[in-house]
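Q: In terms of my numbering, the first sequence is residues 2 to 472. Idealized CB from N, CA, C, for every residue including glycine. Small disclaimer: the values here were computed from a predicted structure and weren't measured.
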Amino acid sequence: MKLSFLNTMSRKLEEFKPIDDKNVRMYTCGPTVYNYAHIGNFRAYIFEDLLRRVIKLNGYNLTQTMNLTDVDDKTIRDSQAAGMSLNDFTAIYKKAFFADIDTLKIERAEHYPAATDFIPEMIDMIQGLIDKGFAYQADDKCVYYSINKFDDYGKLAKIDLENQRTGERVKSDEYEKESVSDFALWKAYVPADGDVKWDSPWGEGRPGWHIECSAMSKATLGNHFDLHTGGIDNMFPHHEDEIAQSEACNGCKYVNFWLHCAHLQVNGKKMSKSLGNFHTINELLGHGYKGEEIRWVLIATHYRVGLNFEIDSSTLESKSLQEARTSIARINNFIERVNDKAGDEQSDEISALCKTTKEKFLNGLNDDLNIAEALGAMFEFIRTVNKALDSGSAVGKEEVIDVMKYIDTIFDVMTFEQKNDVPQNIIDLAHERIQARADKNWGRADEIRDEIAAAGYVVEDSPEGPKVKKA
RNA sequence: GGCACGGUAGCCAAGUGGUAAGGCAAUGGUCUGCAAAACCAUGUACCACCGGUUCGAAUCCGGUCCGUGCCUCCA
2 MKLSFLNTMS
12 RKLEEFKPID
22 DKNVRMYTCG
32 PTVYNYAHIG
42 NFRAYIFEDL
52 LRRVIKLNGY
62 NLTQTMNLTD
72 VDDKTIRDSQ
82 AAGMSLNDFT
92 AIYKKAFFAD
102 IDTLKIERAE
112 HYPAATDFIP
122 EMIDMIQGLI
132 DKGFAYQADD
142 KCVYYSINKF
152 DDYGKLAKID
162 LENQRTGERV
172 KSDEYEKESV
182 SDFALWKAYV
192 PADGDVKWDS
202 PWGEGRPGWH
212 IECSAMSKAT
222 LGNHFDLHTG
232 GIDNMFPHHE
242 DEIAQSEACN
252 GCKYVNFWLH
262 CAHLQVNGKK
272 MSKSLGNFHT
282 INELLGHGYK
292 GEEIRWVLIA
302 THYRVGLNFE
312 IDSSTLESKS
322 LQEARTSIAR
332 INNFIERVND
342 KAGDEQSDEI
352 SALCKTTKEK
362 FLNGLNDDLN
372 IAEALGAMFE
382 FIRTVNKALD
392 SGSAVGKEEV
402 IDVMKYIDTI
412 FDVMTFEQKN
422 DVPQNIIDLA
432 HERIQARADK
442 NWGRADEIRD
452 EIAAAGYVVE
462 DSPEGPKVKK
472 A
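1) Specify the secondary structure class of residue 240 as computed by DSSP and reduced to three states.
2) Quick one: grab the DSSP three-state call for residue 207.
3) I need the straight-line Cα distance from residue 389 to residue 107, nearest angstrom please.
4) Terminal residues of the continuous alpha helix (DSSP H) containing residue 143?
5) Quick check on DSSP: helix, strand or coil for residue 61?
6) Runs of 3 residues minimum, wholly inside the segment 291 to 369: which ones carry the beta strand (DSSP E) assignment?
7) Between which two residues does the beta strand (DSSP E) containing residue 27 stretch?
8) Given this structure, state the Cα-to-Cα distance separating residue 313 from residue 98, to the nearest angstrom.
9) Along the chain, where does the alpha helix (DSSP H) that runs through residue 390 open and close?
10) Name, in chain order, the residues that DSSP records as bridge partners for residue 267.
11) Give a yes or no on contact between the segment 254 to 262 and the segment 43 to 60, applying the rule of three or more CB pairs nearer than 8 angstroms.
12) Just how far apart, CA to CA, sit residue 205 and residue 291?
13) By Cβ distance below 6 angstroms, which residues in the same chain neighbour residue 56 in space, the five residues on each side in sequence not counted?
14) In the DSSP assignment, what are the bridge partners of residue 262?
15) Consult DSSP for residue 448 and reduce its assignment to one of helix, strand or coil.
16) Looking only at C-alpha atoms, which of 213, 258, 368 sits nearest to residue 527?
17) Would you tell me roughly how many angstroms separate the C-alpha atoms of residue 168 and residue 334, rounded to the nearest one?
18) If you draw a straight line from the alpha carbon of residue 346 to that of residue 216, how long is it in whole angstroms?
19) When the distance is taken between beta carbons, is residue 67 closer than 7 angstroms to residue 116?
20) Going by C-alpha distance, which of 352, 79, 316, 465 is nearest residue 342?
21) Using the beta-carbon count (16 or more within 10 Å), is residue 472 buried or exposed?
22) Is the closest heavy atom of the ligand ATP to the C-beta of residue 381 under 6 angstroms?
23) Looking at the structure shown, is residue 67 part of a helix, part of a strand, or coil, going by DSSP?
24) Going by CA-CA distance only, name the one from 299, 139, 153 that's closest to residue 241.
25) Have a look at the DSSP bridge pairing and note the partners of residue 5.
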């Protein structure tokens, strides 16, 4: 099927057609760099990585922008607490973010604009909104967006402001805004901001959060682009506010497709500091889990469904990651088996299967990133080829491996080249064991197997002889 | 109160009108000196509940119950 997405704006499945023929432009909301990102944050970035790879697999050129929010209440607050300048402080977490991205094999976007590098663009945009009558400066010197001026406000989140419950967090009497729902475009400087401030036509201060994405998407992708994504929590108010700002300022439609991914939960509960169930990538790596395994857990559940990450938060034993390890091992074992047993001859049946597997795989992904369909196609392929290998019928290595490589352009967890990094002393032991077995000295053979195991390797006997691998 | 998203075998999870993909676990088998690993085989799931539409519904409509998220700066 043709590439299609469930568009949040229409709540319907829509065929994807880029604005500019083969060139796709996508904006993905990135991290606020005030702390190490947690596994829940990365669910969104993995979803965006999947989206990115599927778009490319369909033959499009892609330009992706992911912003780095490096100035806001939290970055200011925590940099002060750390006794560091804002830049030095956020630099730590920017660096950590990119390290984590690499660990999870998330492809790099084309642009990573940092908010502090685009202040003039934001100021221009705010001025534009004031000039057009969509924004005003209040008595508190802050500049606000007047949502009553934008007729379509609420169209994305389907929010009807009349029916909203005013939360505890909004105390209307503290505000000097025309309407409680108006949001800040420019926040006037207050002493608590320390030395974090920029000059503007409205006095010193700093930008609001929403204007950052409107200005940076405009600067890197233009006024009207194809896709905009983020976590479901960003839908309202963040994305709603971006639409209001950009469409009012630029006078044209902002984004064609909006995609939102659901939250990750830990053991069925929302992540929260008080439950202590925040987990970072480094923490999981430290417990021996691999980036590929984390990637698998995050990618293998459909993006619009809640993902339940199972882990014992005190011991870090994770059922989810164990299952990922099993799945990846099954796939890599298959590749190894094909490399060992398949030949040059290919049967018509397997050749046809290779073709239909690729089609089913792509069809699944094109149907709003239906990863379960795609996985089903892959596992059926593995099972059928395994059966052919067992029965001794012709299986062409090259074509089968080619299918797996095609699939791995999406998953990026497979191993095609076996690296033999077994140290010499272990290899020597393995040879000694071969001799012991030839002599039917089973006691010594088992002893050597234990020694090898103690060194962190496993020896597996197969019809082709013993294999030694890292445990 | 408003707006969303879910409830399919022990667990995870596809499937949106023609009586249910796939994975994990479990059980049996092949291989093996023994093991491990690997591979193969085996699953009729009252598709949350009630009513309706239809020749026919997990799938459409109405209602009920349960779970989750958002409702102003949390991916």
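A: Checking against the coordinates, here is how it stands:
1) helix
2) strand
3) Their backbone Cα atoms lie some 35 angstroms apart in a straight line.
4) Residue 143 -> no alpha helix (DSSP H), and no H or E assigned at all.
5) coil
6) 308 to 310
7) 24 to 29
8) 24 angstroms
9) 372 to 392
10) The partner list for residue 267 (beta bridge, DSSP) reads 270, 310.
11) yes
12) 46 angstroms
13) 25, 63
14) 232
15) helix
16) With the chain represented from 2 up to 472, any question about residue 527 goes unanswered, as that position is not in the structure.
17) With a pLDDT of 42 at residue 168, under the threshold of 50, the modelled position of that residue is not reliable, and no figure is offered here.
18) 57 angstroms
19) Not a contact, by the Cβ cut-off of 7 angstroms.
20) With distances taken between Cα atoms, residue 342 lies closest to 465.
21) Exposed.
22) Looking at this structure, you won't find the ligand ATP or any other ligand, since it has none at all.
23) strand
24) Closest in C-alpha terms to residue 241, from the list 299, 139, 153, comes 153.
25) 16, 368
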